[in-house]
Amino acid sequence: MIGVIVGFGYFRNFFIEKAEVPVWEVGDAWIYNSSYQGDLSKGSDIGIFVREITTYKDQKFYQIWGHLYPMFDKSWVSADDLNPIKLEDFENGTFSETDKPFNFPLYKGKKWDFTTQNNHTYRYIVESQGDIKVLGGTFNSFKIRKTEGNKTKSITYFSPKVRNIVKMIIYNDDPDDYYIYQFKSFYNEPFERLIDTQKLDNRYNATLEIWEEKYSPVHDWVIKYRVSYTKNGQNFTARFDETTKFCLDWIKNNTNEEDKILCWWDYGHEIQGYTGREVVIDGPSARLWDTIMEPWTIKNWNKESDVVNVSRALVGTPEDTIEVMNQYNATLLYIKSRELALSARDTGIFYSLVKGAKRNLDDYYEVFVFTSSGDKINVNQVKDFQSITIVSYEIEFKKAYYDSMICKARFGYSGDDISPNGDLDGLPALSEDLYHYPIKPCWNLTNFKVIFRTAMWNPYPLEDYENHSEGWQPMEYLDAIDKKNSKEGISDLSDRFNLNSGNIMLRYFDGAILKGKILYENSTSAEGVNITVTDEYGVPHKINQTDGYGNYSLIVPFGNITITISEGEMDRMTLIGDTLLETNLTVELYQATREEVDLDKDGHFDYYIFKDFEIST
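Going left to right, the sequence shown walks through residues 339 to 955 as this note's numbering numbers them.
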């Protein structure tokens, strides 16, 4: 630890008439205790620190990691006045404050007002100056009271020597309902430290740096990665975590160098730099300024048409996706969980994809609030959130969301797919009707198959794994199943993990053509029986029926697939009726991608697979 200050003598008290805006440095960290009504026995430590100082549109900002409500509930704070800001219109370089807890210089009797976008006006007044005792010592501070009308909202004590808040009392509507934040200690140390540097052997002359980072002073160090590479004469850098690195390692070791990946632009540089695989887009279009959290980090802008096409491939139908994949010669589709809209309070970045495709978000879902008075209001129509009491939020998905490629790739099906009478509604593992139904990524998709899906695995046994939270590590889903079957450690195969944190990779293919005849033992044709293909994940991809002569034709994916012949009423989930015959078949990737080769010299390209079946009468 560098420059740690634990003694309180550093903050020797002195009297000044005014407090000017303090200057912060990268690594400055403040630790506070947060407690309800000052009950320290139930309190917890929180911390904030300055992660980065940047200049954008000639204005200086501090990037703050950690949380100290309400001042630092945003990631960026203006260095000019320490007030939290919202970056709204990057092209015009405008910035709006979300609150104004400070108005430097501070001095006794100073007053200022701040009106929110919801037309709430708060009055601030520096009531007094004097010593205030907190857990970290006694400090000469300015007492700032925030009011709305005749109601006190907060009392803040700012210490020039600490260069920050030393105490804050946040009131709810009831004056006896409040939280207290007290300063405990200050130190300065790097928020990150370089551990190792490795040269990567790929087409982009890439270098991998391994770092340790902290999210806040009270959090542990975690491993992070940074890849730097050169493409078309430009230098790029991307950061990612251990789970993402596991996915990237899998891509590098299990896909071909000529594979081209379609994904949202956020992941383009990490994929290209680390795996050496080309992506369709690796940056936004200039139109998407307002979907970018840190616009000053963008070094290249992709063509508008390319971004629209990739967005359409994700939020459009699988037919749209196929069209785009073919247009760009893409073979793989990579989707992260953050792209999904899962609930009213967790809509991910799905809105960015919709905006990228130039479509209307309301066609995909609507978010509603339910108030204490029984009203149901579209959240976009709420003009003043502080004038209503919200009981709950609800998201209503629409057909466009269910039909989107991103939904088909992650959930697989909706209630409409498996209940033609409309008995079930929503999505598996998510909606109330289907909460206990399993997800089936790529369910009933003819031209896409999951080749990678993350699960979590802990090497410690059932009776001990809860004591080893550090043991959890990402693992490919099928490998985690093998670990579970062999009773090695604990595998988290839950759909909730996959939807909330997991990543998925699909391969696009035209499909091999399985053809032949199905006969009964007495050599009569099996007319009208079902033939279904299922992959290693237990996901059905295609179903067909025999004709009057027992002939069938079926498009099948690559891999160790299962062919099931059935009759009678079909189960809507498995796409299988009463099983008559089940057999396994290995299809090579080159067959599923329809390479025009004839290795067995039978006069047909190998993507034609001829196979007859005989079933018991």
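Cβ atoms here follow ideal geometry from the backbone N, Cα and C, with glycine treated the same way.
Can you name the start and end residues of the alpha helix (DSSP H) that residue i belongs to?
i: Asn823; result: 815 to 823
i: Met743; result: 743 to 748
i: Ser649; result: 642 to 653
i: Phe515; result: For clarity, residue 515 is Asp in the given sequence; the question names Phe instead. Where Asp515 is concerned, there is no enclosing alpha helix (DSSP H), given that its DSSP letter is neither H nor E.
i: Gly753; result: 753 to 756
i: Ile463; result: Element bounds for Ile463: not the alpha helix (DSSP H) but the beta strand (DSSP E), 459 to 472.
i: Trp403; result: Trp403 -> not in any alpha helix (DSSP H); beta strand (DSSP E) instead, spanning 397 to 404.
i: Tyr928; result: 927 to 930
Within its chain, find whatever has a CB closer than 8 Å to the CB of residue i; leave out the 5 residues flanking it on each side and keep chain order.
i: Asp534; result: Glu547, Ile548
i: Met339; result: Note that Met339 scores 35 on pLDDT, short of 50, meaning its location in the model is unreliable and no value can be drawn from it.
i: Lys821; result: Trp795, Met813, Gly827, Ser829
Taking residue i as part of the beta strand (DSSP E), name the residues at either end of that continuous run.
i: Thr659; result: From DSSP, Thr659 is part of no beta strand (DSSP E) but of the alpha helix (DSSP H) over 656 to 666.
i: Trp603; result: Element bounds for Trp603: n/a, residue is neither H nor E.
i: Trp957; result: The structure shown does not extend to residue 957, since the chain is modelled only from 339 to 955, so the question has no answer here.
i: Met506; result: 502 to 509
i: Ala367; result: 366 to 374
i: Ser382; result: 382 to 394
i: Glu907; result: 897 to 909
i: Val415; result: 414 to 416
i: Asp451; result: 449 to 453
Between the C-alpha atoms of residue i and residue j, what's the straight-line distance to the nearest angstrom?
i: Met911; j: Glu390; result: 50 Å
i: Asp940; j: Lys853; result: 15 Å
i: Asp833; j: Ala767; result: 6 Å
i: Thr436; j: Gln455; result: 8 Å
i: Thr494; j: Asp469; result: 13 Å
i: Asn478; j: Pro498; result: 8 Å
i: Phe529; j: Tyr702; result: 40 Å
i: Pro963; j: Trp627; result: Past the boundaries of the shown model lies residue 963; the chain is included only from 339 to 955, so the question cannot be answered.
i: Asn796; j: Met631; result: 34 Å
i: Ser863; j: Ile881; result: 19 Å
i: Asp700; j: Trp450; result: 40 Å
i: Lys637; j: Phe574; result: 8 Å
i: Ser769; j: Glu734; result: 10 Å
i: Gln883; j: Tyr612; result: 45 Å
i: Trp810; j: Asp558; result: 16 Å
i: Tyr751; j: Pro622; result: 30 Å
i: Asp909; j: Thr917; result: 11 Å
i: Tyr542; j: Glu595; result: 12 Å
i: Thr870; j: Leu919; result: 11 Å
i: Val653; j: Asn698; result: 11 Å
i: Thr924; j: Phe578; result: 36 Å
i: Asp1009; j: Glu616; result: Since the displayed the chain opens at 339 and closes at 955, residue 1009 lies outside it and no answer follows.
i: Asn841; j: Asp938; result: 38 Å
i: Glu358; j: Phe496; result: 11 Å
i: Ile343; j: Ile386; result: Bear in mind that the predicted position of Ile343 carries a pLDDT of just 38, short of 50, making it unreliable; the figure below should be weighed with that in mind. Whole-angstrom Cα-Cα distance: 16 Å.
Could you pull out every residue in the same chain whose Cβ sits closer than 7 Å to the Cβ of residue i, ignoring the five residues on either side in sequence?
i: Lys537; result: Thr545
i: Thr582; result: Glu608
i: Lys949; result: Leu852, Gly854
i: Gly888; result: Lys855, Ile856, Leu857, Ser863, Ala864, Glu865
i: Asp644; result: Val618, Ile619
i: Ser730; result: Phe708
i: Phe346; result: Confidence at Phe346 is low in this model, with a pLDDT of 42, below 50, so its placement is unreliable and no value can be given for it.
i: Glu355; result: Tyr445
Taking a contact to mean a Cβ-Cβ separation below 9 Å, would you say residue i touches residue j in this structure?
i: Glu914; j: Asn868; result: What sits at residue 914 in the sequence shown is Ile, not Glu. Yes, they are a contact pair.
i: Lys484; j: Tyr519; result: no
i: Tyr798; j: Ile828; result: yes
i: Leu671; j: Cys745; result: no
i: Phe524; j: Gly474; result: yes
i: Met743; j: Val788; result: no
i: Lys522; j: Tyr400; result: no
i: Phe786; j: Leu765; result: no
i: Arg791; j: Glu814; result: yes
I'd like the list of long-range same chain contacts for residue i, defined as Cβ closer than 6 Å, with 5 residues on each side in sequence excluded.
i: Glu732; result: Ala682, Phe706
i: Asn502; result: Trp368
i: Arg531; result: Glu550
i: Phe848; result: According to the sequence provided, residue 848 is Asp. The question's Phe does not apply to it. Contacts found: Arg932.
Could you check if residue i belongs to the surroundings of the ligand HEM, using beta carbon to heavy atom distance under 8 Å?
i: Phe790; result: Absence of the ligand HEM is noted for the structure shown, with no ligands found whatsoever.
Is residue i close to chain C? Criterion is C-beta to C-beta, closer than 9 Å.
i: Leu420; result: You won't find chain C in this structure, because it holds only one protein chain.
What are the uninterrupted segments assigned as alpha helix (DSSP H) that are 4 or more residues long and contained completely in the region 819 to 881, given in chain order? Taking only runs of at least 4 residues, the alpha helix (DSSP H) segments lying wholly in the region 819 to 881 are 833 to 838.
Quick one: which unbroken alpha helix (DSSP H) runs of 4-plus residues sit fully inside the region 672 to 743? Chain order, please. Scanning the region 672 to 743 from its first residue to its last, the whole alpha helix (DSSP H) runs of 4-plus residues come out as 688 to 694, 737 to 741.
Considering only residues of the region 789 to 816, which uninterrupted alpha helix (DSSP H) runs meet the minimum length of 4 residues and lie entirely inside it, listed in chain order? Here no run is fully enclosed.
3 or more residues per run - each beta strand (DSSP E) lying fully within the region 534 to 578: Along the region 534 to 578, the beta strand (DSSP E) occurs as fully enclosed runs of 3 or more residues at 545 to 551, 560 to 569, listed in sequence order.
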